[in-house]
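Take a look at the structure set out below.
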Amino acid sequence: MTKNAVPSLFDAAVVGALQLPNRLVMAPMTRNRAAEDGSPTELMATYYAQRADAGLIIAEAASPNQVGITFAGIPGIYTDAHIAGWRGITEAIHAAGGRTFLQVQHGGRVGHPDNSGAVPVAPSPVRLSTPIRTAAGSKDAVIPRELSVDDIHGTVQDFAQAARNAIAAGFDGVEVHSANGMLLHQFLSDNTNQRTDEYGGTVDNRIRFTVEVVEAVAAAIGPERVGVRIAPGVGANDIVESDTEELYTALVAALGGRGLAYLHVVFADPGTPVFERIRAGWDGVLIANPVLGWGSPLPGDGGRSAAEELLAAGADLVSLGRSFLANPDLVARLRDGAPINQFREDYFYGGDATGYTDYPVLESVA
Ligand SMILES: Cc1cc2nc3c(=O)[nH]c(=O)nc-3n(C[C@H](O)[C@H](O)[C@H](O)COP(=O)(O)O)c2cc1C
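Residue numbers are given in the numbering used here: position 263 of the sequence shown equals residue 286, and the series is strictly consecutive.
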């Protein structure tokens, strides 16, 4: 292969110390099926092991502490029981021939006292306008408590400990979640971060928390086991960035040169200035998550053409969410151009095996 040849989705790749058999990554997806104490379950192990053909599985957002919990049924990675539960999942994925990172997510203001037992925390006391799912239905978000600088330092340590716990549970690495309007993204964006100290105001100040978390996590488990997820310009959970290009140019530069496993970009749009800047500014592995149409059914090709467009635009790997959710054998289906299962949205969050582990595989794969 010449230096500039565009790889195929089905070519091998290297991420950190891992050899991947293909370039299709299962995007992290919260499914709210953990036990009441946040421990992962055997059912979750079945779900992930079914999808072990992915080049890499990024397991769903797990909270590094109690106050970071977003919704009922999300898993944690901060107690011995959590570690034991996740160990069942990593063993199942590895036994099925797969590889897996765990996404570590602090929800910040995206949370509710009914879910975490605590008033959510955030860069500034700016309330989320959209309701929060609780066990008793959707409820209005509350005004979050502003984190002190000491709290921020403590949270950095919680991320580092969560990463150590993930490795103890058998994960191949962790993904720091700095996307989709969760705590770290709340620090990046100027509509949620109204601080006047060293964590607010200028771009360099707003990226500080994410950079400190990544530094601490990399020091704890080794940079080759650390990925970072970002969502430039994505308005999830009320995020409104006024300076997306400047912000992410600075963040990507600050994260570079550290030997991290990868950078993962949500809703990556090839040909846009922000995507081009990120690609040009990032010298490591870039995982891109294409825009397949949020709220729309999956395209008939399961996202293959959108994925190939991103590889052509310079992404090294492509992550797909709902296509993997609905197709345990997605890699084979995309490779063979086989029809794909549509997702059933009613079963995304919470519940049992229905809409979770019961999506059929192709007869040829079975
Ligand atoms: C059910 C569901 C849960 C999700 N949970 C997470 C999550 O825990 N962390 C995250 O970063 N993104 C999460 N996402 C976003 C996906 O990772 C992905 O970016 C999104 O689904 C778009 O990709 P797709 O069009 O291939 O589905 C979730 C998406 C879905 C559908």
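From the three backbone atoms N, C-alpha and C, an ideal C-beta is built for every residue, glycine too.
Coarse secondary structure for residue i, derived from DSSP in three states
i, result
"E264", "coil"
"F94", "coil"
"V13", "A question about residue 13 goes unanswered here, because the residues of the chain that appear run from 24 up to 389."
"F124", "strand"
"P157", "The amino acid occupying residue 157 in the given sequence is Thr; Pro does not appear at that position. Of the three classes helix, strand and coil, the one that applies to T157 here is strand, per DSSP."
"R110", "helix"
"G373", "coil"
"I244", "helix"
"Y285", "strand"
"L151", "coil"
"V384", "coil"
"H200", "strand"
"L321", "coil"
"W290", "Before going on, a small fix: residue 290 reads as Phe here, not Trp. Here F290 sits in strand by DSSP."
"E221", "coil"
"L81", "Correcting the residue identity first, residue 81 is Ile in this sequence and not Leu. Strand, per DSSP."
"A277", "helix"
"S86", "strand"
The alpha helix (DSSP H) enclosing residue i, as first and last residue numbers
i, result
"V29", "Counting along the chain, V29 falls outside any alpha helix (DSSP H), and DSSP gives it neither H nor E."
"V297", "296 to 304"
"H208", "206 to 211"
"A329", "327 to 335"
"Q184", "172 to 191"
"S139", "136 to 139"
"A354", "A quick correction: the sequence has Val, not Ala, at residue 354. V354 -> alpha helix (DSSP H) spans 353 to 359."
"V226", "226 to 229"
Within 7 Å, strictly: CB atoms of residue i and residue j
i, j, result
"N350", "R356", "yes"
"E247", "A95", "no"
"N216", "F210", "yes"
"S346", "L353", "yes"
"P51", "I92", "no"
"Y372", "G378", "no"
"S201", "V234", "no"
"G326", "L343", "yes"
"G120", "A183", "no"
"D261", "S152", "yes"
"P98", "A85", "yes"
"V22", "R168", "Because the chain in this structure spans residues 24 to 389, residue 22 falls outside the shown range and cannot be described."
"A107", "A186", "no"
"L286", "P30", "no"
"D174", "T157", "no"
"A284", "V249", "yes"
"P87", "D213", "no"
Cβ-heavy atom distance, residue i to ligand 1, below 6 Å
i, result
"F371", "yes"
"A63", "The question names Ala, yet the displayed sequence has Pro at residue 63. For ligand 1, not one heavy atom lies less than 6 Å from the Cβ of P63."
"T53", "yes"
"G304", "no"
"N312", "yes"
"G131", "no"
"G344", "yes"
"P330", "The residue you asked about is not Pro; residue 330 is Ala in the sequence shown. Answer for A330: no, Cβ out of range of ligand 1."
"A391", "Summary: the structure shown does not reach residue 391, with the chain confined to residues 24 through 389, and so no result is reported for it."
"L315", "yes"
"V297", "no"
"N260", "no"
"N203", "yes"
"V289", "yes"
"Y50", "The identity of residue 50 in the sequence shown is Ala, whereas the question assumes Tyr. Yes, the Cβ of A50 comes within 6 Å of a heavy atom of ligand 1."
Buried versus exposed, by CB contacts within 10 Å (16 or more), residue i
i, result
"M24", "Note that M24 scores 40 on pLDDT, short of 50, meaning its location in the model is unreliable; the coordinates nonetheless yield the value given after this. Exposed, by the Cβ-count rule."
"V172", "exposed"
"A276", "exposed"
"T225", "exposed"
"Q42", "exposed"
"V37", "exposed"
"G140", "exposed"
"V133", "buried"
"F33", "exposed"
"A254", "buried"
Beta strand (DSSP E) segment containing residue i, residue limits
i, result
"G250", "249 to 253"
"M67", "Run containing M67: none in the beta strand (DSSP E); it sits in the alpha helix (DSSP H), 65 to 73."
"P313", "309 to 313"
"S342", "340 to 343"
"M407", "The displayed coordinates of the chain run from 24 to 389. Any statement about residue 407 would go beyond what the structure contains."
"Q42", "41 to 43"
"A36", "36 to 38"
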